[in-house]
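Asks:
2 protein chains.
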Amino acid sequence: MPRISAATIAEHVAHQEAAVIDAARRLFDARGYQQVSLRDIAEEVGLSRTSLYRYFPTKAHLVQGWFEAAMVPLVDASAAAVAGDGSAADRLDRWLVVQLDFILDDEHTALVSASLASEDLPDEVREHIGARHRELYATLVPLLEGPAGADRALVRTRTLLIAGLVRSAADLVRAGVARDRVDAELSRSALAVAELAPGRRG
Amino acid sequence: MPRISAATIAEHVAHQEAAVIDAARRLFDARGYQQVSLRDIAEEVGLSRTSLYRYFPTKAHLVQGWFEAAMVPLVDASAAAVAGDGSAADRLDRWLVVQLDFILDDEHTALVSASLASEDLPDEVREHIGARHRELYATLVPLLEGPAGADRALVRTRTLLIAGLVRSAADLVRAGVARDRVDAELSRSALAVAELAPGRRG
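In order, the protein sequence lines correspond to chains A and B.
In terms of my numbering, the first sequence is residues 185 to 386.
In terms of my numbering, the second sequence is residues 185 to 386.
1. Under a CB-based cut-off of 8 Å, is B/A376 close to chain A?
2. Against chain B, does A/G216 count as a neighbour if the rule is that its beta carbon must be under 8 Å from one of theirs?
3. Since A/S297 meets chain B, which of its residues come closer than 7 Å, beta carbon to beta carbon?
4. I need the straight-line Cα distance from B/T343 to A/T343, nearest angstrom please.
5. Going by the beta-carbon positions, is the gap between A/L375 and A/L276 smaller than 8 Å?
6. When you compare only the Cα positions, how much space is there between A/S232 and A/T293?
7. In its own chain, which residues sit with a C-beta less than 7 Å from the C-beta of A/D224, not counting the 5 before and 5 after it?
8. Let me know the alpha helix (DSSP H) ranges lying completely inside the region 217 to 244 of chain B, each 4 residues or longer, listed in chain order.
9. Can you list the residues of chain A that B/V357 reaches, using a CB-CB cut of under 9 Å?
10. Residues in its own chain within less than 8 Å of B/V197 by CB, not counting five upstream and five downstream?
11. Please identify the residue among A/R340, A/T242, A/L327 whose C-alpha is closest to the C-alpha of A/R278.
12. Counting only beta-carbon separations shorter than 8 Å, does B/S262 have a partner in chain A?
13. With DSSP run on the structure shown, which of helix, strand or coil describes B/V361?
14. Since A/A273 meets chain B, which of its residues come closer than 7 Å, beta carbon to beta carbon?
15. If you measure from the beta carbon of A/L380 to each beta carbon in chain B, is any gap under 8 Å?
16. Buried or exposed, going by whether 16 or more other CB atoms sit within 10 Å of the CB of B/T323?
17. Which first and last residues belong to the alpha helix (DSSP H) in which A/P306 is found?
18. If you count every other CB in all the chains shown that lies within 10 Å of the CB of B/I205, and 16 or more means buried, which is it?
19. I'd like the list of long-range same chain contacts for B/G216, defined as Cβ closer than 8 Å, with 5 residues on each side in sequence excluded.
20. What does B/G348 touch in chain A if you count any residue whose Cβ is under 7 Å from its own?
21. What in chain A is Cβ-close to B/R342, meaning under 9 Å?
22. Helix, strand or coil for B/L324 per DSSP?
23. Could one say the Cβ of B/R363 lies closer than 8 Å to chain A's Cβ atoms, at least one of them?
24. Alpha carbon to alpha carbon, how far is A/H245 from A/V309?
25. Tell me the rounded alpha-carbon separation between B/A267 and A/S271.
26. Between which residues of its own chain and B/E291 is the CB-CB distance below 8 Å, once the five residues before and five after are set aside?
27. Along the chain, which unbroken stretches of the alpha helix (DSSP H) at least 4 residues long are found entirely within the region 276 to 321 of chain B?
28. CB B/T341 to CB A/V366, shorter than 8 Å?
29. Anyone know if the C-beta pair for A/A207 and A/E228 falls short of 8 Å?
30. Compare the C-beta of A/L280 against all C-beta atoms of chain B and say whether one is closer than 8 Å.
31. Kindly list, in the order they appear in chain B, the residues whose Cβ is closer than 8 Å to that of A/A337.
32. If you measure from the beta carbon of B/L345 to each beta carbon in chain A, is any gap under 8 Å?
33. Do A/G348 and the ligand MN come close, with the Cβ less than 7 Å from some heavy atom?
34. Are the beta-carbon atoms of A/V377 and A/L356 separated by less than 8 Å?
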């Protein structure tokens, strides 16, 4: 009889959840979020409805699981970009590229569209999404707090201003402005918001 | 018999349209956009349904009329801010204050919420909204094009980056960050995006 360790169970759950999210994405993509039921998803992934409910009791929980699966690696990559080598300007540039690549990925577009379509996201799911965004923005703190330490309101203000620049930059790339052009202006603007001197490229 | 000039007719139409939009806003506010019919609005404003349809054949046209009534003075005020006295930095600062005041006004919040609730906005209405936004952003061009004239892609890029900063600034004020703090950071950041030297306050 195979030994079932906690690690094996956790892996099994993660694997099943990923399979369910994949199946849900295919169906949302083909038919639209509103037109897909948990029953359809259970059928697509080959689970009984009862089993599926153990992973995701509602479509909103599935959106949360999907969001989680996308955000954990994004937060890690963002923290790594800031923690890596180079000047503060180089590290901010890497952080910006990580964000812009993520927003421009089809994965993100599909996830945002499911979140918006799901008008009935419960407060707990919205709070979770908000908390993960705060965690994402917190990766910028080492670049934004001055040598004297953090002025919290100022760091928060600059973080959100930079987030606004990144969203606009994504809109510009989607509208057909050349990516290298957008990257250059985004970098210059975000460095100014952060009051960081430009790197070697500047 | 009173003489009816074109000016009188145009004034009458403008007055009626404004009364209808006011009535619609009151009802949307009280019951929510989806729950209000053109019939309800006709009753509220004291017009027959047939008369109302002459002004606004659908709720989407009413949203367009409302948007128009809000945007025309905003575009005028934005152009006036840029055309006025002072350094380029002073003029950009005035432009930013005009935008932020507008976004933070209850009028804007109600209008955005009606636009979002109206999922069935016809393409012509969406195109109209897009065209007015382009007109609004075009008021920035005199500040953004260099002495050598406009590099269109660059002006467009900087315009949208500044628009992203303004949106984030509005979010920050709504979230409770002090307005003067937000104004100062927004000004500093937008001046950097525009490559303008700060004004006397800088």
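Beta carbons are placed, not taken as given, at the ideal position from N, Cα and C, and that holds for glycine.
Replies: Taking the definition as stated:
1. Here residue 376 of chain B refers to the residue found at position 192 of the second sequence. B/A376 counts as touching chain A.
2. Along the first sequence, read from residue 1 onward, the residue named residue 216 of chain A stands at position 32. Not one chain B Cβ lies under 8 Å of A/G216.
3. Within the first sequence, numbered from 1, the residue matching residue 297 of chain A stands at position 113. In chain order: nothing, as chain B lies at least about 13 Å away.
4. Your numbering for residue 343 of chain B matches position 159 in the second sequence. Your numbering for residue 343 of chain A matches position 159 in the first sequence. Spanning the two alpha carbons is a distance of roughly 20 Å.
5. Within the first sequence, the letter at position 191 stands for residue 375 of chain A. Within the first sequence, the letter at position 92 stands for residue 276 of chain A. Contact flag set, yes.
6. As a first step, residue 232 of chain A is located in the first sequence; it is residue number 48 there, counting from the start. As a first step, residue 293 of chain A is located in the first sequence; it is residue number 109 there, counting from the start. Whole-angstrom Cα-Cα distance: 29 Å.
7. Stepping through the first sequence from its first residue, residue 224 of chain A is reached at position 40. Sequence-distant partners of A/D224 (beyond 5 residues in either direction) whose C-beta falls short of 7 Å from its own C-beta, in its chain, are L211.
8. Correct list: 222 to 229, 233 to 239.
9. Walking along the second sequence from the start, residue 357 of chain B turns up at place 173. Within 9 Å Cβ-Cβ: nothing; B/V357 doesn't reach chain A, min ~10 Å.
10. To locate residue 197 of chain B, count along the second sequence from 1; it is residue 13. Answer for B/V197: Y239, listed in chain order.
11. In the first sequence, counting from the first residue as 1, residue 278 of chain A sits at position 94. Taking the Cα of A/R278 as reference, the smallest distance to any Cα among A/R340, A/T242, A/L327 is reached at A/L327.
12. Within the second sequence, residue 262 of chain B is the residue found at index 78, counting from 1. At a cut-off of 8 Å between beta carbons, B/S262 makes no contact with chain A.
13. Within the second sequence, numbered from 1, the residue matching residue 361 of chain B stands at position 177. When secondary structure is reduced to three states using DSSP, B/V361 falls in the coil class, being assigned neither helix nor strand.
14. Residue numbering aside, residue 273 of chain A sits at position 89 when the first sequence is read from its first letter. Identification of chain B residues near A/A273 by a Cβ-Cβ cut-off of 7 Å yields none; the smallest Cβ-Cβ distance measures about 14 Å.
15. Residue numbering aside, residue 380 of chain A sits at position 196 when the first sequence is read from its first letter. Not closer than 8 Å to any Cβ of chain B, the Cβ of A/L380 fails to qualify, so no.
16. One-based indexing of the second sequence puts residue 323 of chain B at position 139. Buried.
17. Sequence index remark: in the first sequence, residue 306 of chain A carries index 122 (1-based). Run containing A/P306: none; DSSP gives neither H nor E here.
18. The count along the second sequence starts at 1 and reaches residue 205 of chain B at position 21. Under a 10 Å Cβ-count criterion, B/I205 is classified as buried, with 16 or more other Cβ atoms of the shown protein chains found around its own Cβ.
19. Start at 1 with the first residue of the second sequence, and residue 216 of chain B comes out as number 32. Taken in chain order, the residues that qualify are A301.
20. Walking along the second sequence from the start, residue 348 of chain B turns up at place 164. What B/G348 touches in chain A: G348, L349, R351, S352.
21. Taking the first residue of the second sequence as 1, we reach residue 342 of chain B at position 158. Under the 9 Å cutoff, chain A gives E369, S373.
22. For the purposes of this step, residue 324 of chain B is taken as residue 140 along the second sequence, with counting starting at 1. Coil at B/L324, not helix or strand.
23. Residue 363 of chain B sits at position 179 when you count from the first residue of the second sequence. So, not an interface residue.
24. Residue numbering aside, residue 245 of chain A sits at position 61 when the first sequence is read from its first letter. Residue numbering aside, residue 309 of chain A sits at position 125 when the first sequence is read from its first letter. The alpha-carbon atoms of A/H245 and A/V309 are separated by roughly 7 Å.
25. Walking along the second sequence from the start, residue 267 of chain B turns up at place 83. Walking along the first sequence from the start, residue 271 of chain A turns up at place 87. Between B/A267 and A/S271, the C-alpha separation is close to 40 Å.
26. Numbered from its first residue, the second sequence carries residue 291 of chain B at position 107. A254, listed in sequence order.
27. List check, alpha helix (DSSP H) in window: 290 to 301.
28. If you number the second sequence from 1, residue 341 of chain B lands on position 157. If you number the first sequence from 1, residue 366 of chain A lands on position 182. Inclusion of B/T341 and A/V366 in the CB contact set at 8 Å is warranted, their separation being smaller than that value.
29. As a working note, residue 207 of chain A is residue 23 in the first sequence. As a working note, residue 228 of chain A is residue 44 in the first sequence. A contact, by the Cβ cut-off of 8 Å.
30. The sequence position of residue 280 of chain A within the first sequence is 96, counting from 1. No, no contact with chain B.
31. For the purposes of this step, residue 337 of chain A is taken as residue 153 along the first sequence, with counting starting at 1. When 8 Å is used as the limit between beta carbons, A/A337 is near these residues of chain B: V361, A362, R365, in chain order.
32. Within the second sequence, the letter at position 161 stands for residue 345 of chain B. Closer than 8 Å: yes.
33. The ligand MN is absent from the structure shown, which contains no ligands of any kind.
34. Taking the first residue of the first sequence as 1, we reach residue 377 of chain A at position 193. Taking the first residue of the first sequence as 1, we reach residue 356 of chain A at position 172. Taking 8 Å as the cut-off, the Cβ atoms of A/V377 and A/L356 do not count as close.
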